[in-house]
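Adding 16 to a residue's 1-based position in the sequence shown gives its number in the working numbering.
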Amino acid sequence: MTLDDTVQAIRAGGVVAIPTDTVYGLACLPGDAAAVERIYAIKRRPEGLELTVLAASLADIDEDVELTAAARTLAAAFWPGPLSIVSRLRRRRWAIPRAGDTLSVRVPDHALALDLLRATGPLATTSANRHGEPPAATAAEVAQALDGEIDSLLDGGRSAGRASTIIDCTTTNPRVLRDGPIPAGVLMSLLGDLPSVSTEGQRSL
Numbered sequence: 017m018t019l020d021d022t023v024q025a026i027r028a029g030g031v032v033a034i035p036t037d038t039v040y041g042l043a044c045l046p047g048d049a050a051a052v053e054r055i056y057a058i059k060r061r062p063e064g065l066e067l068t069v070l071a072a073s074l075a076d077i078d079e080d081v082e083l084t085a086a087a088r089t090l091a092a093a094f095w096p097g098p099l100s101i102v103s104r105l106r107r108r109r110w111a112i113p114r115a116g117d118t119l120s121v122r123v124p125d126h127a128l129a130l131d132l133l134r135a136t137g138p139l140a141t142t143s144a145n146r147h148g149e150p151p152a153a154t155a156a157e158v159a160q161a162l163d164g165e166i167d168s169l170l171d172g173g174r175s176a177g178r179a180s181t182i183i184d185c186t187t188t189n190p191r192v193l194r195d196g197p198i199p200a201g202v203l204m205s206l207l208g209d210l211p212s213v214s215t216e217g218q219r220s221l
């Protein structure tokens with residue numbers, strides 16, 4: 017479908033599949049609780065795993081999360097790009113997170129995804145595959161896995177096929193929760209510290 021078709025589907029409360037620089041993702045309005053629940057159902061995602069919010073710019077989520085000095089340093093260096101930053105919430109205006117007080121946020125480095133996000137505002141997302149299965153790198157892979165369960169599929173070409181690096185900036189020493197395209201050592205050298213790497217948080221995109 018076209019960009020306009022996908023925007024309309026999102027505004028109508030739909031769940032869509034979109035391209036990003038990392039992998040294809042399922043997306044919906046983060047304030048639409050019914051759409052958020054549909055994402056969990058389509059993906060077969062465990063209740064305890066939160067979604068990520070994608071935005072077109074830091075300014076679009078600056079009032080929603082508390083970005084520490086470390087988070088802002090990383091965002092300035094790697095956004096747009098394959099880095100998800102976990103931060104504390106400033107306010108609860110969305111249907112996510114459903115538990116806790118933190119949120120994973122990212123600005124993707126993908127022209128079509130950014131055009132979409134500028135039109136819709138921030139979107140709740142997770143990778144466009146069944147939980148536990150490999151992420152989709154093409155629209156064709158999404159269609160094969162999720163045919164008939166989504167309201168629009170935006171083809172943006174082949175994505176890199178590897179989910180983003182996730183770093184938790186809510187702690188005194190930021191912790192890398194998932195290895196990805198940006199190595200932990202690169203992140204920590206920028207921050208001037210290298211705490212141990214954990215792999216406990218498994219958000220997507």
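By construction, the Cβ of each residue, glycine as well, lies at the ideal position given by its N, Cα and C atoms.
In this structure, T181 places its C-beta atom within 8 Å of the C-beta atom of D195. Rounded to the nearest angstrom, the gap between the Cα atoms of L170 and A33 is 6 Å. By the neighbour-count criterion, in which 16 or more other beta carbons inside 10 Å mark a residue as buried, A50 falls on the exposed side. Look at V123 here: in three-state DSSP terms it is coil, with no helix or strand label.
A residue is called buried when at least 16 other Cβ atoms come within 10 angstroms of its Cβ; D20 does not meet this threshold and is exposed. If you draw a straight line from the Cα of L207 to the Cα of L45, it comes to about 33 Å.
Rounded to whole angstroms, A135 and A25 show a C-alpha spacing of 12 Å. With fewer than 16 other Cβ atoms inside 10 Å of its own Cβ, S205 counts as exposed. Here R122 is buried. Its C-beta has 16 or more other C-beta atoms within 10 Å. Going by DSSP, T68 is part of the beta strand (DSSP E) stretching over 68-70. When rounded, the separation of the alpha-carbon atoms in Y40 and R114 is 23 Å. Using a Cβ-Cβ distance cut-off of 8 Å, the segment 152-160 and the segment 91-105 are not in contact, since fewer than three pairs of beta carbons, one from each stretch, lie closer than that value. DSSP places R191 outside any alpha helix (DSSP H); the residue lies instead in the beta strand (DSSP E), whose first and last residues are 191-194.
In this chain, T84 is not harboured by any beta strand (DSSP E), its DSSP state being neither H nor E. By the Cβ-count criterion, D117 is exposed, with fewer than 16 other Cβ atoms from all chains shown falling within 10 Å of its own Cβ.
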